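J.: If you want the working numbering, it's the position in the sequence shown, counting the first as 1, plus 247. No residue lacks a Cβ here, since even glycine has one placed at the ideal position from N, Cα and C. Model, not experiment: these values are computed from the prediction.
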Amino acid sequence: MKIKRKMTIQMQMHKYNLISDTKIRIDKFVSDKIPSLSRVYVQKLIEDGFIMVDNNKVKQNYILKDNQEVSIVVPAVPAFELKAEKIPLEIMFEDEHLLVINKPLGLVVHPGAGNNSGTLVNALLWHCGSELSKVSGDLRPGIVHRLDKDTSGLIVIAKNDYTHISLAQQLKNRLILRKYIAIVHGGIKNDSGIIDKPIGRHPVQRKKMCVTAQNS
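(1) Mind checking which residues open and close the alpha helix (DSSP H) that includes Phe297?
(2) Taking the alpha-carbon positions, what's the Thr398 to Val287 distance?
(3) Can you give me the Cβ contacts of Leu265 inside the same chain, cut-off strictly under 8 Å, excluding the 5 residues immediately before and after it?
(4) With a Cβ-Cβ cutoff of 8 Å, do Tyr263 and Lys280 count as a contact?
(5) From what residue to what residue does the beta strand (DSSP E) around Ser318 run?
(6) Could you name the residues that DSSP lists as bridge partners for Arg448?
(7) Is Val391 helix, strand or coil when you go by DSSP?
(8) Looking at Val368 and Pro388, is the spacing between their C-beta atoms short of 8 Å?
(9) For Asp301, which residues of its own chain have a beta-carbon under 6 Å away from its beta-carbon, when the five flanking residues on both sides are left out?
(10) What are the start and end residues of the alpha helix (DSSP H) that includes His374?
(11) From the DSSP output, read off the bridge partner residues of Gln259.
(12) Am I right that Ile348 and Ile404 are in contact with their C-beta atoms under 8 Å? What's the rounded C-beta distance?
(13) Using the C-alpha atoms, what's the distance from Leu336 back to Ser380?
(14) Along the chain, where does the beta strand (DSSP E) that runs through Lys350 open and close?
(15) When the Cα atoms are used, what is the spatial distance from Ala331 to Asn308?
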């Protein structure tokens, strides 16, 4: 089913006053406060000076302190058409309430700055038409939770608001179990075990994470 929606992302302005010693990175703080923004996009806003601390430009790994003010400007995105696109979906389960999709690596979940097409939402509009929940807004119909672009795995889509609210509550209360599998390499001695180490941004390769005590 072909559906088009004329969309405009308006400029947003936010201010937060820290009243406790959070000891959290600025990029993570903003991502937690505005979940609709990806961490990569937040880091670009910081780099371009749209996110400032006490009216000063900071780096992505800046650690926030007590009594500081964080100001955030999310630039407007010009009007664009959110189109239904015939993108193949690997559907693991579907009924009249929801569907479960195995999202492949490289597929962005919902439109945003720089991603107006080729997303999972575009594919859902083709597959489901108007039968998607509206709880998450016009840009994210049916989206209950999301996976990063470079993460593959199962994602649950709600076809109506009642199902959406129920699934979101179950996720919040951890009644839905989520497991992540990662590929590792190197001198691994045991076939199983627990890795309990601090993880943070790689000091040189900024797109990678590593075991580090700094900014973890």
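T.: Looking at the atomic coordinates:
(1) Premise fails: Phe297 is in no alpha helix (DSSP H) and is neither H nor E.
(2) 14 Å
(3) Leu311, Lys312, Asp313, Asn314, Gln315, Glu316, Val317
(4) yes
(5) 316-321
(6) Met456
(7) coil
(8) yes
(9) Gln315, Glu316
(10) 367-375
(11) Val321
(12) 6 Å
(13) 18 Å
(14) 345-350
(15) 38 Å
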